[in-house]
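Protein chains in written order, with the working numbering: chain L, 1 to 385; chain W, 386 to 709.
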Amino acid sequence: MARFPIGQVRGRLDDATTPVGASCEVVVRRREGAYWLLTMAAPEIARRAQPGQFVSIAVESRGALLRRPFSIAKVTRRGAVAGTIDVIFDDHGPGTNWLTRVQLHDTLDVIGPLGRGFPLPQRKVACLLVGGGYGVAPLFFLARALSDSGLRVDMLVGAATADRIHDAIETKSLSVSATFTTEDGSYGHQGRVTDVLDEAIERAGAGVVYACGPNAMLRAVSERCAQRGIPVQISLEERMACGTGVCFTCVVPMRGRDGEVVHRRSCIDGPVVNGAHVAWERTRFGVPSGTVAVADESHGGHPADPQDDFLDADETKLDAGQDATDNSAAVDGPAALPPMIPESPRATRRGVLGKFGPSATPKPDSTLDSDRRDHPDAGDPRRDR
Amino acid sequence: MIDDPVADTATLQPSEVSLATSLASLQLSNPVLSASGCFASGAEINRFYDVGELGAIVVKSMTLAPRQGLPTPRMAETPSGMLNAIGLQNPGVDEWIEHDLQWLRRHGATVVASIAGSSVEEFREVARRLKPHDGIHALEVNLSCPNVEHRGLVFACSTDESARVIAAVRRETTLPLLAKLTSDVTEIVSIARSVVDAGADGLTLINTLLGMAIDPVSGQPELFNQYGGLSGPAIRPVAVRNVHQVHQALPNVPILGCGGVATVEDIVQFLRAGASAVSVGTATFADPFIGQRLVDDLRRWMARYGHRRLTDLIGRVTPFGHGG
């Protein structure tokens, strides 16, 4: 793959609603427990990113053609490392293994931000964030955004073992209460997040649940929330080739109001979707114990919706679908993004970190045009490659 | 390059190079097209650059009724390639006309509508519904998609069935008509001949090759559909061979080369083998900017090697000088 020079950015730089391609310098590379953390200088991506969106990174492992998708775990728009993004990943395939061997100051070829992020509440409501393994990555970004909006955030994080609980300290600092579970009991409660989900919902007084993690966990969380009538937004993972909406490999079966199941691209209609509307029985994702709350086809539709119209970018968009012609009002134009201004002179000492393009002017979605309100975006692709 | 009989002696400026080419009566400003099924509707990639810059957009195959396609997993990465089994997910021809075509028209794209079906009648009906609409510049008939569940053979594996589809579509359109063939046949030239005799104006060579991958630990196929289409640089030599073989047999039939195009050198290989233009497929998955970049790179490559007109390269394979 042709690589462009460090710091180069391609794309529609005058349109902040579009993803860009950027050559990004690695400024932090760190082992964190069982996972890896990379911080990249990506001012144009940082400027545009919303919680729940992802980036796709070109890898150079032998014979690998395709980019690897990663949720954005953090964006830094101010201070010494303004214009950077963080990703967290597990070394579990040739592509991610190649990424663990990237060195400081190497450049990575990154496309982003991609996908539909988490819809944020438009009224005051307590939020419970449920993460599994490195699925907590986008929840850190989300937790900051929710806290900045003055909302209560509680977190429930589970993993197989203690070293797979990513950054417990940060988790605690971002939340009113943080609950941890490990399957071997090496940290927090022994068991899974679903074992303590009800308690966590009660403690938080949660009016909405956001989740990201293994698909079996997302299914269990979604079905429990649907039973309880709590809106649930999840960041899904499905095998993805392009991340930009053109390959149709990453689809998720979603049930519309009429009960019809349609395949939505998790890269552009997701990765964040309404967990209560996923037709889980049509997926290969683990069958959880307990009652299935999501209607099967004989019910002729998804269950009565929890009152979730306070979420700013919710199902009205998804159900109207990519072909809707008149739902422009329902589409949240990205909020104006803060300019990235280095607070510290240190920022300008480092070449790449000191470079900031002109502030992009967000405009109403001109990306996909008036009658094609596709939701460019995708889920949290965390697969073994 | 000095030995190359088609190269001018002097190096040119990129502005002196003509990338114009054609596929039958379809005139193209440059030979870089999207490949069907690898560019969705056009709007997705238009977020990255103006897709009107491409020679043409070959859209995702459309069928008569909407199709949801196959369950996942639909994709598996393989060495220098990937397998896919999508099952022709598409909104159906009527929806495509109402939305996608209007979008493409507004963006000034040269549009090649790819049509698919599970019966001769379905192909014919899709072509019939496209007929009254402006903004479609050519049809590509997807005879060879191996993913769709279809009792019996894929159309493109039979000379008679391929010819029946092309003849039926030919009766419904006056647009340039391309038949997209698979290499998964005993002898592609006879299939090519049959579709040309049935009325095809040109050929798209080749579709994906049928493949399979199995998870060694779980024992499960990597794809829900078990088998899927192999694409990417892994198939490029097969595609170049097919183009060359058919061009040798049918030198007057224009060919849209397709299969693993990722670099300007790949494009030139296809042109020399006998293609008049190329479709870029899997490379778009790895790099959404690839189409735009290839147009630029091609102009520079031709200038560097002293080729003034792209069409001069078509079918120009230089023989070895010895052995005579």
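Cβ coordinates follow ideal geometry from the N, Cα and C atoms, glycine included.
Check: Arg239(L) versus chain W: which residues are under 8 Å apart at the beta carbon?
Finding: Those within 8 Å of Arg239(L) in chain W are Thr457, Pro458, Arg459, Met460, Ala461.
Margin query: Using a Cβ-Cβ distance cut-off of 9 Å, determine whether Pro19(L) contacts chain W.
Written below: Residue-level contact check: Pro19(L) touches chain W, since one or more beta carbons of chain W fall below 9 Å from its beta carbon.
Notebook entry, point to check: Can the beta-carbon of Val75(L) be found less than 9 Å from the beta-carbon of Phe141(L)?
Noted result: In this structure, Phe141(L) lies closer than 9 Å to Val75(L) by Cβ.
Checklist line | Residue of Ile268(L), Thr283(L), Ala276(L) minimising C-alpha distance to Ala428(W) | finding: When only C-alpha atoms are compared, the closest one is Ile268(L).
Margin query: Using a Cβ-Cβ cutoff of 9 Å, what residues of the region 8-37 of chain L are near chain W? List them in chain order.
Written below: Flagged, chain order: Arg10, Gly11, Arg12, Asp15, Thr17, Thr18, Pro19, Val20, Gly21.
Check: Under the three-state reduction of DSSP, which class applies to Gly437(W): helix, strand or coil?
Finding: Reduced to three states, the DSSP call for Gly437(W) is helix.
Note to self: Could you check whether Ser568(W) and Val526(W) sit closer than 9 Å to each other, using their CB atoms as the reference points?
What the structure shows: Result no, Cβ atoms of Val526(W) and Ser568(W) do not sit closer than 9 Å.
Notebook entry, point to check: Excluding sequence positions up to five away, which residues of its chain have a Cβ less than 7 Å from the Cβ of Pro89(L)?
Noted result: A quick correction: the sequence has Phe, not Pro, at residue 89(L). Close CB contacts of Phe89(L) within its chain, under the 7 Å cut and outside five residues either way in sequence, are with Tyr35, Trp36, Phe70, Thr96, Leu99, Tyr134 (chain order).
Note to self: Across the region 643-654 of chain W and the region 498-508 of chain W, are there enough close Cβ pairs to call them in contact, namely three or more that are closer than 8 Å?
What the structure shows: Contact between the region 643-654 of chain W and the region 498-508 of chain W is absent, with fewer than three C-beta pairs closer than 8 Å.
Notebook entry, point to check: Leu236(L): which of Leu104(L), Phe54(L), Thr17(L), Arg30(L) sits nearest, CA to CA?
Noted result: With distances taken between Cα atoms, Leu236(L) lies closest to Phe54(L).
Notebook entry, point to check: What in chain L is Cβ-close to Cys643(W), meaning under 7 Å?
Noted result: Correct list: empty, because the minimum Cβ distance to chain L is about 15 Å.
Item checked: Gly472(W), buried or exposed, once every other Cβ within 10 Å from all chains shown has been counted against 16 -> Under this definition Gly472(W) is a buried residue.
Item checked: Coarse secondary structure for Asp374(L), derived from DSSP in three states -> For Asp374(L), the pLDDT reaches just 33, beneath the cut-off of 50, and the residue's location in the model is therefore unreliable, leaving the point undetermined.
Check: CA-CA distance, Asn592(W) and Arg152(L)?
Finding: Straight through space, the alpha carbons of Arg152(L) and Asn592(W) are spaced by roughly 53 Å.
Next item on the list: Would you kindly report the start and end of the unbroken alpha helix (DSSP H) that includes Thr100(L)?
Entry: Element bounds for Thr100(L): 94-100.
Next item on the list: Sort out for me which residues DSSP pairs Asn274(L) with in a bridge.
Entry: Under DSSP, the beta-bridge partners assigned to Asn274(L) are Gln233(L).
Checklist line | Under 8 Å by beta carbon: chain L residues contacting Met467(W) | finding: Under the 8 Å cutoff, chain L gives Leu65, Leu66, Ala241.
Checklist line | Gly245(L) to Val702(W) span [Cα, whole Å] | finding: Roughly 38 Å between the two C-alpha positions.
Note to self: Counting only Cβ pairs nearer than 8 Å, list the residues of chain L close to Gln474(W).
What the structure shows: Residues of chain L passing the Cβ test: Phe248, Val251, His263.
Check: Could you give the distance in angstroms between the alpha-carbon of Thr696(W) and the alpha-carbon of Gly440(W)?
Finding: Taking the straight line from one Cα to the other gives about 14 Å.
Margin query: Buried or exposed, going by whether 16 or more other CB atoms sit within 10 Å of the CB of Arg233(L)?
Written below: As written in the sequence, residue 233(L) is Gln, which differs from the Arg given in the question. Burial call: buried.
Next item on the list: Kindly indicate if chain W contains any beta-carbon less than 9 Å away from that of Ala58(L).
Entry: Closer than 9 Å to some Cβ of chain W, the Cβ of Ala58(L) qualifies, so yes.
Check: Excluding the five sequence neighbours on either side, which residues of its own chain have a C-beta within less than 8 Å of the C-beta of Ile442(W), listed in chain order?
Finding: Taking C-beta separations shorter than 8 Å and ignoring five residues to either side along the sequence, the partners of Ile442(W) in its chain run Leu418, Ser419, Phe424, Gly427, Val436, Leu489, Ala494, Thr495, Val496, Val497, following chain order.
Next item on the list: Indicate whether at least one CB of chain W lies closer than 9 Å to the CB of Gly245(L).
Entry: Contact of Gly245(L) with chain W is assigned, a C-beta pair being separated by under 9 Å.
Next item on the list: Ignoring anything shorter than 3 residues or poking outside the region 87-170 of chain L, list the beta strand (DSSP E) runs there in chain order.
Entry: List check, beta strand (DSSP E) in window: 107-114, 127-132, 153-159.
Checklist line | the region 397-416 of chain W in contact with the region 662-674 of chain W per 3-pair CB rule at 8 Å | finding: Verdict: yes, contact present.
Note to self: I'd like the span of the beta strand (DSSP E) that includes Pro451(W), first residue to last.
What the structure shows: Counting along the chain, Pro451(W) falls outside any beta strand (DSSP E), and DSSP gives it neither H nor E.
Margin query: Assuming Arg264(L) is part of the alpha helix (DSSP H), what are its boundary residues?
Written below: Under the DSSP assignment, Arg264(L) falls outside any alpha helix (DSSP H), being part of the beta strand (DSSP E) whose first and last residues are 261-265.
Margin query: Can you look up Gln50(L) in the DSSP assignment and give me helix, strand or coil?
Written below: DSSP, reduced to helix, strand and coil, places Gln50(L) outside both helices and strands of the structure shown, so it counts as coil.
Next item on the list: Throw me the rounded Cβ distance for the Val412(L) and Asp106(L) pair, which I believe falls under 8 Å.
Entry: Because residue 412(L) is not part of the residues shown, which for chain L are 1 to 385, the question remains open.
Next item on the list: Enumerate in chain order the residues of its own chain whose CB-to-CB distance from Val628(W) is below 7 Å, with the five nearest sequence positions on each side excluded.
Entry: Excluding sequence neighbours, Val628(W) sits near Leu590, Ile640, Gly642, Phe655, Ala658, Gly659, Ala660.
Next item on the list: Give the interface partners of Gly617(W) over in chain L, defined as CB-CB distance under 8 Å, in chain order.
Entry: Within 8 Å of the CB of Gly617(W), the CB atoms of chain L belong to Leu65, in sequence order along the chain.
Note to self: Can you give me the C-alpha to C-alpha distance between Val602(W) and Ser421(W), rounded to a whole angstrom?
What the structure shows: Straight-line Cα distance between these residues: approximately 34 Å.
Next item on the list: Return yes when at least one heavy atom of the ligand NAD lies under 8 Å from the C-beta of Gln677(W), else no.
Entry: Looking at this structure, you won't find the ligand NAD or any other ligand, since it has none at all.
Checklist line | Integer Cβ distance of Ala619(W) from Pro464(W), believed to fall under 8 Å | finding: Ala619(W) to Pro464(W), Cβ: 6 Å. Contact.
Checklist line | CA-to-CA distance, Ser446(W) to Val478(W), given in whole angstroms | finding: Distance between the alpha carbons of Val478(W) and Ser446(W): 9 Å.
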